[in-house]
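Protein chains in written order, with this note's numbering: chain A, 115 to 608; chain B, 115 to 608.
We treat Cβ as the ideally placed atom computed from N, Cα and C, and that holds for glycine.
Everything numeric in this text was worked out from a predicted model, so none of it was measured.
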């Protein structure tokens, strides 16, 4: 594949100079249309061997465009403390552009696996596995509407050696030559082999790679610039994403016997008032000890609470929070996304709240909104919530593999109990704010929600991130079960 | 995930009997619509632990439907000689249904990787890698329009033990209990863990898994039947695939300097007539020896010839064939697909010609038609040929990993030389049949073809299956280069 980028492309100064003014004007125009319409975000990945001219190319592209709507990042292996203390992908989520803007990444999620495989730190199968994870991640991004463009700058081994030599010999540039650069000459062949494997496995219609022969500066710049223009125009003139999405295959049916994971619960579970205070104190003390444990400093904890309206999420969260050092936890209530959040892929607003090591984040409602309320109320398309199960599993797997302990609770009450609690809320003045018309409307969709919960549990309860269904008819029972589950999950991980 | 299928679903006889007549009628009706419209093929995969009732369920589904348009296959590890001597996936391509028909597979491509991982014969990373390959394969099938439904029948460990005991104790059924069944009790837990990983990584909107609680026979049959009906109806009433396909991102541009892998060739390459006969004889003898070599009996050879019209494919193929024992090779000319071929995924007609071990298949034009003639002439959509690069790479990687040696030749001539050969053909009576209006029309698209060839080489020339560009301006030179390349490729593999 890379051989086809060693055929000696070259552009003379006149031809280059004649093309640039028009290209710049067209790029600025496309960029302006994009920033006005805010139809999609653009992410441009630039990779290539050392000395292929990555930074020069990025600088040139930046110089051609309106700097207010474009930015570039190099997130390689050299990162700051905040980034090291968070799960690996967090660093890329931080720089994801909102709709209307363009971001250029010239170190990306491809760097680590490629470097590790070239240096024989991971096996062939592990390399392919990592690339498969990248595919899933990129598919999610593009399903969410991101325009993802990937360029690989290629130069021949001879060219690389010459360039590095020239840079090293010139006192004004020799500081740019690192040990890694010197190493890259030794690893040229294996790196090319890995790059070919990478191109083979991660080039798709929705996120294509373009290999650019980078020996000639003018040729290289013009190709990247014109290609970027073509892709932007194609997307600006084309249909908006939703229409182009694939119809999913619908395979689920209403279970003929109407049972679900929820009907299988025993709502008579309760705890005697005399035992409650005692057990609560013991469990809270145990949780406090665990979250202050030295070993916990290398882990973090993410708790997601979901449940029917009036199931008692607030009260349960309070009991959990009481047990944790306030400097260590953060409670995130999830409601309608903000404008900033809507402009980015769905999972962005959860990723930005993922705690660093030693910390706890408690989500009051969570990323499961997509397969619960958004599904039932039709706030997103059927293909959106159907693909969400897989995306959520990938997200949670990613967290768990990076040392995050996950606990997910569904607080379940019976339809009858909910009615009583609603009525109680309407009667008590200090609880009236808690009951709205929306709550009554949701109640009418009880059966739809029950089906959605069943499918959510069936599709996203995994070894790494299991669901705990909590019989919350008796609030005390629910508090204790949640606290006990939390303690047990942390203990299993320390 | 599997826990959610242990909630004790059950259906009484009356409820079951009341539903079946209507379901059967609806299934037959959907099947009839499908076979009349021939809009898509349906593939139903059924997996599950031993004794979960797979064969009973398949038998029931078969009994409900019109046997003329449905068939079932169990292609497990116990296969015949023909299957063992072909690349692994060949066995599944053999039974792929044409449009309008339904095939049930109750051993599938999931069996081998799952069994191997459960028995610790492959690592976690290798298991994920295999699942990623399955994802790519299934995506290709569904992109090609196949309706792919996947059911996993689940029973609890206790249920499995009870059932196997009951079967073993009854003299009329004890013959059904194999050693594998006994082993499956021991491996129940690890198998469930692997199944959860498999469900997590291979369930997609376009090819969803449905986990079916299989403890109760009636419930299990009804769920699979109703779900099949829902999926068939959804697809029969829905939009046809092409409209629903995703718009690909177009990133390629016309290279500003008009160079390509073809312009980089040296068309002056030639060989002196005095040397030709001698060298030809030597190379043919070498190829003859290699294809009769004992070690070749475990390999096979697939040769693909592509090239401009009148580039000399026929003559070159003749020189290659002369060197091989006629019982060992098979020449496959590729033209318009037959009706039978059009009814199946694009790669089917090439898979059916893949040789068994020890044999050679020579393709005169090949699977690259999709990214050459179909692309240039607009016979397929842009998203079809764009995804074809990845599909072809997967196909060739699959062959190469299964011991197939691949050689791909592009015979290149200049536009001027083609004109002379066309004129010559028109003058010579015995060659007139070789030149048609279509040839002249293709010639007008010379530049489009050149671009398509460049992109084909850039995207599909891989380590495992490299392209060889052959300067064919001088026919003798081309014959010798092809023969030499073939010999070297075989030698490198033996």
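Contact set between residue i and chain A, taken where Cβ atoms lie within less than 7 angstroms
{"i": "residue 314 (chain B)", "result": "507 and 576"}
{"i": "residue 260 (chain B)", "result": "Going along chain A, no residue has its Cβ under 7 angstroms from residue 260 (chain B), so there is no contact; the nearest lies around 10 angstroms."}
{"i": "residue 599 (chain B)", "result": "Within 7 angstroms Cβ-Cβ: nothing; residue 599 (chain B) doesn't reach chain A, min ~15 angstroms."}
{"i": "residue 179 (chain B)", "result": "None at all; the shortest Cβ gap to chain A is about 18 angstroms."}
Residue environment, residue i, which counts as buried when at least 16 other CB atoms sit within 10 Å
{"i": "residue 286 (chain B)", "result": "exposed"}
{"i": "residue 146 (chain B)", "result": "exposed"}
{"i": "residue 257 (chain B)", "result": "buried"}
{"i": "residue 201 (chain A)", "result": "buried"}
{"i": "residue 427 (chain A)", "result": "buried"}
{"i": "residue 601 (chain A)", "result": "buried"}
{"i": "residue 423 (chain B)", "result": "buried"}
{"i": "residue 319 (chain B)", "result": "buried"}
{"i": "residue 554 (chain B)", "result": "exposed"}
{"i": "residue 180 (chain A)", "result": "exposed"}
{"i": "residue 244 (chain B)", "result": "buried"}
{"i": "residue 412 (chain B)", "result": "exposed"}
{"i": "residue 274 (chain B)", "result": "buried"}
Chain A residues whose Cβ lies nearer than 8 angstroms to that of residue i
{"i": "residue 341 (chain B)", "result": "365, 366 and 367"}
{"i": "residue 568 (chain B)", "result": "118"}
Selection from the options that minimises the alpha carbon distance to residue i
{"i": "residue 591 (chain B)", "options": "B:581, B:306, B:525 and B:123", "result": "B:525"}
{"i": "residue 474 (chain B)", "options": "B:460, B:483 and B:442", "result": "B:442"}
{"i": "residue 288 (chain A)", "options": "A:277, A:297 and A:298", "result": "A:277"}
{"i": "residue 163 (chain B)", "options": "B:202, B:319, B:329 and B:280", "result": "B:329"}
{"i": "residue 577 (chain B)", "options": "A:307, A:167, A:595 and A:198", "result": "A:307"}
{"i": "residue 434 (chain B)", "options": "B:137, B:399, B:177 and B:450", "result": "B:399"}
{"i": "residue 128 (chain B)", "options": "B:174, B:231, B:336 and B:320", "result": "B:336"}
{"i": "residue 118 (chain A)", "options": "A:325, A:292, A:311 and A:216", "result": "A:325"}
{"i": "residue 265 (chain A)", "options": "A:138, A:116, A:209 and A:303", "result": "A:116"}
{"i": "residue 566 (chain B)", "options": "B:218, B:209, B:137 and B:420", "result": "B:420"}
{"i": "residue 480 (chain B)", "options": "B:397, B:506 and B:471", "result": "B:506"}
{"i": "residue 409 (chain A)", "options": "A:437, A:375, A:469 and A:517", "result": "A:517"}
{"i": "residue 465 (chain B)", "options": "B:508, B:440 and B:425", "result": "B:508"}
Chain B contact residues for residue i, given Cβ-Cβ distances below 7 angstroms
{"i": "residue 571 (chain A)", "result": "118"}
{"i": "residue 371 (chain A)", "result": "123, 124, 125 and 333"}
{"i": "residue 322 (chain A)", "result": "363 and 365"}
{"i": "residue 608 (chain A)", "result": "Near residue 608 (chain A) there are no residues of chain B at all, since even the closest Cβ is about 22 angstroms away, more than 7 angstroms."}
{"i": "residue 242 (chain A)", "result": "243 and 246"}
Proximal residues of chain D, C-beta to C-beta of residue i below 9 angstroms
{"i": "residue 483 (chain A)", "result": "No chain D is part of this structure, whose protein chains are labelled A and B."}
Residues near residue i by beta carbon distance below 7 angstroms, same chain, minus five either side
{"i": "residue 345 (chain A)", "result": "261 and 263"}
{"i": "residue 503 (chain A)", "result": "485, 573 and 574"}
{"i": "residue 167 (chain B)", "result": "267, 328, 331 and 334"}
{"i": "residue 358 (chain A)", "result": "With a pLDDT of 45 at residue 358 (chain A), under the threshold of 50, the modelled position of this residue cannot be trusted, and the question is left open."}
{"i": "residue 460 (chain A)", "result": "258 and 484"}
{"i": "residue 463 (chain B)", "result": "451 and 455"}
{"i": "residue 356 (chain B)", "result": "Any reading at residue 356 (chain B) must be qualified, since the residue scores a pLDDT of 42, below 50, and its modelled position is unreliable; the value itself is stated next. Counting only Cβ-Cβ distances below 7 angstroms, and skipping sequence neighbours, we find 495."}
Beta-carbon proximity list for residue i, same chain, < 8 angstroms, skipping 5 on both sides
{"i": "residue 362 (chain B)", "result": "496, 497, 500 and 501"}
{"i": "residue 446 (chain B)", "result": "467, 475, 476, 477 and 478"}
{"i": "residue 248 (chain B)", "result": "223, 224, 227 and 316"}
{"i": "residue 519 (chain B)", "result": "413, 414, 415, 416, 603, 604 and 607"}
Residues near residue i in its chain [Cβ-Cβ closer than 6 angstroms; skip 5 each side]
{"i": "residue 522 (chain A)", "result": "418 and 581"}
{"i": "residue 188 (chain A)", "result": "220 and 221"}
{"i": "residue 539 (chain A)", "result": "545, 548 and 549"}
{"i": "residue 197 (chain B)", "result": "205"}
{"i": "residue 132 (chain A)", "result": "none"}
{"i": "residue 254 (chain B)", "result": "505"}
{"i": "residue 269 (chain A)", "result": "166, 328 and 329"}
{"i": "residue 595 (chain B)", "result": "584"}
Neighbour list for residue i in chain A, Cβ cutoff strictly below 9 angstroms
{"i": "residue 546 (chain B)", "result": "By Cβ distance, chain A contributes nothing, its closest Cβ being about 37 angstroms from residue 546 (chain B), past 9 angstroms."}
Partner residues on chain B for residue i, Cβ-Cβ distance less than 8 angstroms
{"i": "residue 129 (chain A)", "result": "370 and 371"}
{"i": "residue 503 (chain A)", "result": "317"}
Self-check item: Sufficient close CB pairs (3 or more, under 8 angstroms) joining the stretch 158-168 of chain A to the stretch 211-225 of chain A
Solution: yes
Quiz item: Any contact of the stretch 533-545 of chain B with the stretch 329-345 of chain B, i.e. 3+ C-beta pairs under 8 angstroms?
Solution: no
Quiz item: Pairing CB atoms from the stretch 588-605 of chain A with CB atoms from the stretch 373-384 of chain A, are three or more of them under 8 angstroms?
Solution: yes
Quiz item: Do three or more CB pairs link the stretch 131-150 of chain A to the stretch 295-315 of chain A at distances below 8 angstroms?
Solution: no
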